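Going letter by letter, the sequence shown gives residues 586 to 956 in our numbering. Note that beta-carbon positions come from the ideal geometry of N, C-alpha and C, so glycine has one too. Only a predicted model underlies this, so the values are computations on that prediction, with no experimental measurement involved. Right, one structure below, let's go through it.
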Amino acid sequence: MNKLYFISISIPLIVLFFSCTDTSESEENQFIEFGFESNRLNYSVKKDEILSFVCKGAKAMDVIDLYINGTKYETWTDPSSGAFQIDINMSLGVYSMELRGFQKNKLVSADSRNLIVNAAEKPLELIYDLKGSHPHSTTHFTQGYEFYNGKLFESTGNPNNDGSTKIAEINEKTGLSVREKEQPNPIFGEGITILGSHIYQISWRDQKCFVYDLNTFELDTSFMYQGEGWGLCNDGNSIIMSNGTHELVYRDPSSFNVIKRISVHTDKGLVTNLNEIEFHNGRVYANVWMSEQRRQQDPSIDLTKIVEINPKEGSVTGILDIRSLIEMSKKKGVPNGIAYRKSSNTFWLTGKYWNEAYEVQIKAKSILGTP
586 MNKLYFISIS
596 IPLIVLFFSC
606 TDTSESEENQ
616 FIEFGFESNR
626 LNYSVKKDEI
636 LSFVCKGAKA
646 MDVIDLYING
656 TKYETWTDPS
666 SGAFQIDINM
676 SLGVYSMELR
686 GFQKNKLVSA
696 DSRNLIVNAA
706 EKPLELIYDL
716 KGSHPHSTTH
726 FTQGYEFYNG
736 KLFESTGNPN
746 NDGSTKIAEI
756 NEKTGLSVRE
766 KEQPNPIFGE
776 GITILGSHIY
786 QISWRDQKCF
796 VYDLNTFELD
806 TSFMYQGEGW
816 GLCNDGNSII
826 MSNGTHELVY
836 RDPSSFNVIK
846 RISVHTDKGL
856 VTNLNEIEFH
866 NGRVYANVWM
876 SEQRRQQDPS
886 IDLTKIVEIN
896 PKEGSVTGIL
906 DIRSLIEMSK
916 KKGVPNGIAY
926 RKSSNTFWLT
936 GKYWNEAYEV
946 QIKAKSILGT
956 P
């Protein structure tokens, strides 16, 4: 991406009801302060672990219910202690969580927060061996990068509004286009992926996916979608799309309809700003765009990192620091190109207007945070 784009987790409003007596009951029963004792809006827990919290005003209630995403999850019929623990057996994600307090079967108060279910395990520290470098065009504002049948393809953006959005087949020895297809202003190109005989290219805020014939580069069709488009890859069956949030969105290649959404987490929190993505060996590799401008829940994630994601559950299984590659490039900035090359079992990494693409082999070193 080339501009800041802020997102936020929607926070349900805290609603407080007050119970009062009809006549002259004691003054202490006229008003009840009820809800989560902590003022924080997000409660985080690792998958399959226990969530603990304290509820103020619990002693005044006969029954307390916990609702998650609008469905009753737990009931306490003797809530007088005010301290609660529950097993969280849920998929990684962000959920609405609401406490409801009852007196004599009547709802008298409620309080809502967010529940964030994170990965159970710490990600591995990934390292790389630099195998070489290759020319990359300094006129290409790289937004997508992919090898297919031994050929390299690239998608570019349009930061200067000069009609520079295009798809291109690249000569890997020169970094220049062998052939290309442009989109007119003001289309801002983003990620690409190739599935079957088609190249899919999404756009940033134009809400269009362009589908080209791989052999002719002619436009076959286009699909509409809601929201922004950032990165694309595929697992051989489905298109996988990033949109700058913490989600990976699976789409039907024949209609671009949404199949499912995956929420991406480390053991410490959501990983947002997911951008250029690449699928290899059952994992999605993603760079993170401008995360220093948008708070990450895990402070180890920033724009110098590539994260390895298990898309079956959304957990980040590895983190690769490529700070030294960014510093090597004449044009510093986000590594917006990630392409796996099967013939050499290597990744080619490049960025917007970079002068080189760096060929690396990635492997695991250790678990992050361990000595």
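Per DSSP, residue 825 is paired with what?
For the purposes of this step, residue 825 is taken as the residue at position 240 of the sequence shown. DSSP, once it has assigned bridges, lists 818, 835 as partnering residue 825.
Just to confirm before moving on: does the CB-CB distance between residue 730 and residue 700 stay below 7 Å?
As a position in the sequence shown, residue 730 is number 145, starting the count at 1. As a position in the sequence shown, residue 700 is number 115, starting the count at 1. Going by C-beta atoms, residue 730 is not nearer than 7 Å to residue 700.
To which residues does DSSP link residue 715 through a beta bridge?
Within the sequence shown, residue 715 is the residue found at index 130, counting from 1. Answer by DSSP bridge pairing, in chain order: 945.
Using the three-state DSSP reduction, which class does residue 880 fall into: helix, strand or coil?
The residue given as residue 880 occupies position 295 in the sequence shown. Looking at residue 880 - three-state DSSP - the assignment turns out to be coil, as it is neither helix nor strand.
Going by beta carbon distance, what residues of the same chain come within less than 7 Å of residue 820, once the five residues before and after it are set aside?
On the sequence shown, position 235 is the one that residue 820 refers to. Hits under 7 Å: 864.
Test item: CB-CB of residue 787 and residue 775 under 7 Å:
Residue mapping note: residue 787 aligns to position 202 of the sequence shown, counting from 1. Residue mapping note: residue 775 aligns to position 190 of the sequence shown, counting from 1. Against a cut-off of 7 Å, the Cβ pair of residue 775 and residue 787 comes out as a contact.
Buried versus exposed, by CB contacts within 10 Å (16 or more), residue 900
Within the sequence shown, numbered from 1, the residue matching residue 900 stands at position 315. By the neighbour-count rule (16 or more Cβ atoms within 10 Å), residue 900 is buried.
Who pairs with residue 865 in a beta bridge, going by DSSP?
Sequence index remark: in the sequence shown, residue 865 carries index 280 (1-based). For residue 865, which the question treats as bridged, DSSP gives the partners 868.
Bounding residues of the alpha helix (DSSP H) (the contiguous stretch that carries residue 908):
Indexing the sequence shown from 1 puts residue 908 at position 323. Taken as a continuous stretch (DSSP letters only), the alpha helix (DSSP H) holding residue 908 covers 908-913.
The beta strand (DSSP E) enclosing residue 625, as first and last residue numbers
As a position in the sequence shown, residue 625 is number 40, starting the count at 1. No beta strand (DSSP E) contains residue 625, which DSSP labels as neither H nor E.
Residues sharing a beta bridge with residue 688, DSSP
Locating residue 688 in the sequence shown gives position 103, counting from the first residue. DSSP, once it has assigned bridges, lists 691 as partnering residue 688.
Rounded to the nearest angstrom, what separates residue 755 and residue 684 at their Cα positions?
Mapped onto the sequence shown, residue 755 falls at position 170. Mapped onto the sequence shown, residue 684 falls at position 99. Computed Cα separation, rounded: 57 Å.
According to DSSP, is residue 704 helix, strand or coil?
Against the sequence shown, residue 704 aligns to sequence position 119. Residue 704: coil per DSSP, three-state reduction.
Buried or exposed: residue 881, going by 16 or more other Cβ atoms within 10 Å of its Cβ?
For the purposes of this step, residue 881 is taken as residue 296 along the sequence shown, with counting starting at 1. Buried: at least 16 other Cβ atoms inside 10 Å.
Which residues share a DSSP beta bridge with residue 897?
Reading the sequence shown from its first residue, position 312 is the one you call residue 897. Answer is none; residue 897 lacks a bridge partner.
Helix, strand or coil: which one does DSSP assign to residue 644?
Walking along the sequence shown from the start, residue 644 turns up at place 59. In the structure shown, residue 644 sits in a helix (DSSP, three-state: H, G or I).
Which same chain residues, not among the five before or five after residue 659, have their C-beta less than 6 Å away from its C-beta?
If you number the sequence shown from 1, residue 659 lands on position 74. Cβ within range, chain order: 651, 671.
For the region 922-929 and the region 902-910, state whether three or more C-beta atom pairs, one from each stretch, are separated by less than 8 Å.
no
Residue 618 versus residue 645: straight-line alpha-carbon distance, rounded:
The residue given as residue 618 occupies position 33 in the sequence shown. The residue given as residue 645 occupies position 60 in the sequence shown. The straight-line gap from Cα to Cα measures roughly 9 Å.
Residue 764 - partner residues in DSSP beta bridges
The sequence position of residue 764 within the sequence shown is 179, counting from 1. 754.
Residue 941, buried or exposed, once every other Cβ within 10 Å from all chains shown has been counted against 16
What you label residue 941 is simply residue 356 of the sequence shown in a count that begins at 1. Residue 941 comes out buried.
Which two residues bound the contiguous beta strand (DSSP E) that contains residue 845?
Sequence index remark: in the sequence shown, residue 845 carries index 260 (1-based). Segment 843-848, the beta strand (DSSP E) holding residue 845.
Roughly how many angstroms separate the alpha carbons of residue 917 and residue 936, rounded to a whole number?
Translated into the one-based positions of the sequence shown, residue 917 becomes position 332. Translated into the one-based positions of the sequence shown, residue 936 becomes position 351. Approximately 8 Å between the Cα atoms of the pair.
Taking the alpha carbon of residue 707 as the reference point, which residue from 874, 854, 842, 872 has its own alpha carbon closest?
Mapped onto the sequence shown, residue 707 falls at position 122. Per the Cα distances, 854.
Taking just the CA atoms, how far does residue 868 sit from residue 631?
As a working note, residue 631 is residue 46 in the sequence shown. As a working note, residue 868 is residue 283 in the sequence shown. Roughly 21 Å separates the two Cα atoms.
DSSP on residue 673, reduced to helix/strand/coil?
The residue labelled residue 673 in the question sits at position 88 within the sequence shown. Residue 673: coil per DSSP, three-state reduction.
Measure the beta-carbon distance from residue 873 to residue 894 and round it to whole angstroms, keeping in mind my assumption that it falls under 8 Å.
Mapped onto the sequence shown, residue 873 falls at position 288. Mapped onto the sequence shown, residue 894 falls at position 309. So it is not a contact: roughly 11 Å between Cβ atoms.
Measuring straight from C-alpha to C-alpha, what distance separates residue 626 and residue 620?
Start at 1 with the first residue of the sequence shown, and residue 626 comes out as number 41. Start at 1 with the first residue of the sequence shown, and residue 620 comes out as number 35. Each residue's Cα considered, the two are about 12 Å apart.
In terms of residue numbering, what span does the beta strand (DSSP E) encompassing residue 926 cover?
Working through the sequence shown from its first residue, we reach residue 926 at position 341. 922-926 is the span of the beta strand (DSSP E), which, as asked, contains residue 926.
For residue 779 versus residue 733, is the C-beta distance shorter than 7 Å?
Numbered from its first residue, the sequence shown carries residue 779 at position 194. Numbered from its first residue, the sequence shown carries residue 733 at position 148. Against a cut-off of 7 Å, the Cβ pair of residue 733 and residue 779 comes out as a contact.
Kindly indicate which residue of 624, 666, 675, 664 has the alpha-carbon position closest to the one of residue 636.
Against the sequence shown, residue 636 aligns to sequence position 51. Ranking the options by Cα distance to residue 636, first place goes to 675.
Under a Cβ-count criterion, where at least 16 other Cβ atoms within 10 Å of its own Cβ denotes burial, should residue 759 be classed as buried or exposed?
Within the sequence shown, numbered from 1, the residue matching residue 759 stands at position 174. Per the 10 Å Cβ criterion, exposed.
Of the choices 796, 833, 678, 948, whose alpha-carbon is the least far from that of residue 654?
Within the sequence shown, numbered from 1, the residue matching residue 654 stands at position 69. Of the listed residues, the one whose Cα sits closest to residue 654 is 678.
Whole angstroms are fine: how far does the CA of residue 808 sit from the CA of residue 738?
By one-based count along the sequence shown, residue 738 stands at place 153. By one-based count along the sequence shown, residue 808 stands at place 223. Roughly 21 Å between the two C-alpha positions.
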